[in-house]
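Peer 1: A single structure is presented below for examination.
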Amino acid sequence: MIAELMTKATTTDEANRGADDRPKIRHYLTGADVPDPWGKEAADFADCAALIDHGAGQRIT
Numbered sequence: 002m003i004a005e006l007m008t009k010a011t012t013t014d015e016a017n018r019g020a021d022d023r024p025k026i027r028h029y030l031t032g033a034d035v036p037d038p039w040g041k042e043a044a045d046f047a048d049c050a051a052l053i054d055h056g057a058g059q060r061i062t
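Its first residue numbered 2, the sequence shown is counted upward by one per residue in this note's numbering.
Have a look at this one:
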């Protein structure tokens, strides 16, 4: 599920943002980014939280 969300996040990020307007969490997710869930459904917020949790888990040991 996380790999699918990361692919979706990268595609969404590249479609909606310019190269200089990327959230800094990209540094922690290795090739993906977290989409902005503002104004979207609760599931979009949950997906965003899952990506952040996954990225944090890769860095915190």
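Think of the CB as a built atom: it goes at the ideal place given N, C-alpha and C, for glycine as much as any other residue.
Since the model is a prediction, treat every value here as computed from it, not as a measurement.
Taking the alpha-carbon positions, what's the residue 39 to residue 46 distance?
Peer 2: If you take the alpha carbons of residue 39 and residue 46, they lie about 8 Å apart.
Peer 1: Under a Cβ-count criterion, where at least 16 other Cβ atoms within 10 Å of its own Cβ denotes burial, should residue 48 be classed as buried or exposed?
Peer 2: With 16 or more Cβ atoms within 10 Å of its Cβ, residue 48 is classed as buried.
Peer 1: When DSSP labels each residue in this structure, what does residue 61 get in the three-state scheme?
Peer 2: Residue 61 falls in the coil class under three-state DSSP.
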